[in-house]
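Here our numbering runs 3 ahead of the position in the sequence shown, where the first position is 1.
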Amino acid sequence: MKSEIKIILEEGFSNKAKGNCFESLVRNILTLHQFEVRGNINFSGMEIDLVASHKHTNESLYVECKAKEKVSSDELSKFCFNVSFKKVDRGYFFRTQELESQAGALLREIQERPEYKNLSFFEPSQIIKMLSDGKMIFEPLSSLANYTISKKILAVTYVGDYFVYLINESNALPTKVIIVDAKQNDRKVTDDQIELLKSRIDEISGLTLIQNHVNYKEEIKSSKHESVLETISEVQESENWYDYLPASSKKNHFVGRDDIRTRILAYFKDMRDGKTAKRIFYLNGKSGWGKSSLVLEIKERCKNRHFKGSFFSIAIDTRALF
4 MKSEIKIILE EGFSNKAKGN CFESLVRNIL TLHQFEVRGN INFSGMEIDL
54 VASHKHTNES LYVECKAKEK VSSDELSKFC FNVSFKKVDR GYFFRTQELE
104 SQAGALLREI QERPEYKNLS FFEPSQIIKM LSDGKMIFEP LSSLANYTIS
154 KKILAVTYVG DYFVYLINES NALPTKVIIV DAKQNDRKVT DDQIELLKSR
204 IDEISGLTLI QNHVNYKEEI KSSKHESVLE TISEVQESEN WYDYLPASSK
254 KNHFVGRDDI RTRILAYFKD MRDGKTAKRI FYLNGKSGWG KSSLVLEIKE
304 RCKNRHFKGS FFSIAIDTRA LF
């Protein structure tokens with residue numbers, strides 16, 4: 004199960020405010036471990052560097068906090084250098100999201116080398132666990148035992164803190180979501196709070212909310228229908244511009260094809276407005292010419308502010324069906 008920490012502030016707030024919010028979480032964790040923060044030594048957007056000392060052993064600690072989408076291998080390398088350069092006893096590296104693939108490989112290498120044994124790297128799941136152990140947040144684990152959770156998000160927002168669970172009712176894609184108050188699990192999450200989370204977390208915007216997850220019963224499906232669902236997968240997209248995968252529109256890796264993109268969206272509008280009875284079209288091109296990338300671009304275009312209320316889009320890899 005993947006884990007993520009999402010910082011959600013009011014519209015118009017800067018990345019500095021987002022980093023400040025994550026810093027507050029990290030300070031709480033350090034306090035639990037008997038460290039006293041001496042102050043910020045660097046503050047740049049969503050990246051914060053702290054220096055702390057242990058209250059009883061006087062052990063010095065250098066901390067880096069990354070409240071950003073992806074952490075690169077360069078940032079891990081710089082962290083290792085900084086700990087050595089500042090001549091501190093230990094180094095802690097906190098982040099809110101998953102690592103890039105190259106960064107993940109570098110992290111494994113760092114953890115295997117004895118000269119870096121004084122460095123600790125904390126995954127989002129570990130941060131959530133430490134906050135839970137410190138009674139700062141609470142997970143309703145017993146009431147979630149019967150669910151298949153594909154991802155857990157701790158949403159730290161200006162209206163409260165929430166656990167967001169993406170639920171798979173088959174082995175395919177998440178179709179439902181559970182939202183729970185992270186400070187008081189039995190407190191009702193209001194419609195306005197749910198709307199805020201859905202509007203700011205893209206992954207759950209199209210999922211069905213499970214209102215009462217304690218007493219909820221999954222719909223009964225025939226075994227034939229369920230076996231079909233389990234074979235379906237979405238088209239994968241690039242994490243980095245150089246990945247050998249269809250170009251990600253969300254990360255602005257897609258360029259060009261403006262004419263055909265405009266024509267496809269015009270065709271969708273004709274269907275919506277009843278100007279055509281046709282419902283099928285195909286893209287013809289050689290392997291590697293960008294057909295899948297174009298499909299992902301169209302899918303994301305259908306989710307923008309202009310088309311969001313008109314179209315529902317999903318990109319399925321049909322090769323997974325056979």
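Where is the CB? At the ideal position from N, CA and C, for every residue including glycine.
Of the residues assessed, Thr-99 falls on the buried side of the cut-off, its CB having 16 or more other CB atoms within 10 angstroms. In the DSSP annotation of this structure, the continuous segment of the alpha helix (DSSP H) that includes Ser-87 starts and ends at 76-88.
DSSP, read as helix, strand or coil, puts Phe-16 in coil. Judged by DSSP secondary structure, Ala-318 falls outside any beta strand (DSSP E); it is assigned neither H nor E. For Asp-164, the pairing in a beta bridge is given by DSSP as Val-159. Looking at the backbone, the Cα of Tyr-150 and that of Thr-178 are separated by about 12 angstroms.
A contact between stretches requires three or more CB pairs, one per stretch, nearer than 8 angstroms, and the stretch 184-201 meets this requirement with the stretch 148-168. Going by DSSP, Leu-297 is part of the alpha helix (DSSP H) stretching over 294-304. Here Thr-211 carries a strand assignment [DSSP, helix/strand/coil].
Restricting attention to Thr-193, Glu-206 and Ser-202, the CA atom closest to the CA of Gln-214 is found in Thr-193. Out of Lys-311, Ser-251, Phe-314 and Asp-273, the CA that lies nearest to the CA of Lys-294 is found in Ser-251. With contacts defined by Cβ atoms closer than 9 angstroms, Val-54 and Phe-96 do not form a contacting pair. Per DSSP, the unbroken beta strand (DSSP E) holding Ile-8 starts and ends at 5-11. Contact between the stretch 101-113 and the stretch 128-144 is not established, with fewer than three Cβ pairs separated by less than 8 angstroms. Using a Cβ-Cβ distance cut-off of 8 angstroms, the stretch 20-29 and the stretch 77-87 are not in contact, since fewer than three pairs of beta carbons, one from each stretch, lie closer than that value. Leaving aside the five residues that flank Ser-75 on each side, the residues in its chain whose CB is nearer than 6 angstroms to its CB run, in chain order, Glu-103 and Ala-106. In this structure, DSSP gives Arg-98 an extended state, which the three-state scheme calls strand.
Judged by their CB atoms, Ile-130 and Ile-10 are not nearer to each other than the 9 angstroms cut-off.
The beta carbon of Pro-143 is closer than 6 angstroms to those of Val-183 and Asn-188 in its chain, skipping five residues each way along the sequence.
Where Glu-115 is concerned, the enclosing alpha helix (DSSP H) starts and stops at 104-115. Beta-bridge annotation (DSSP): His-57 is paired with Phe-38.
About 6 angstroms separates the beta carbon of Ile-170 from that of Ile-181, a gap short enough to meet the 8 angstroms contact definition.
For Ser-123, DSSP records a beta bridge to Tyr-95. Annotation: the continuous alpha helix (DSSP H) that includes Ile-197 extends over 194-203. For the set Leu-248, Glu-300 and Lys-69, the Cα lying nearest the Cα of Ala-20 is the one of Lys-69.
Of the residues assessed, Lys-302 falls on the buried side of the cut-off, its CB having 16 or more other CB atoms within 10 angstroms.
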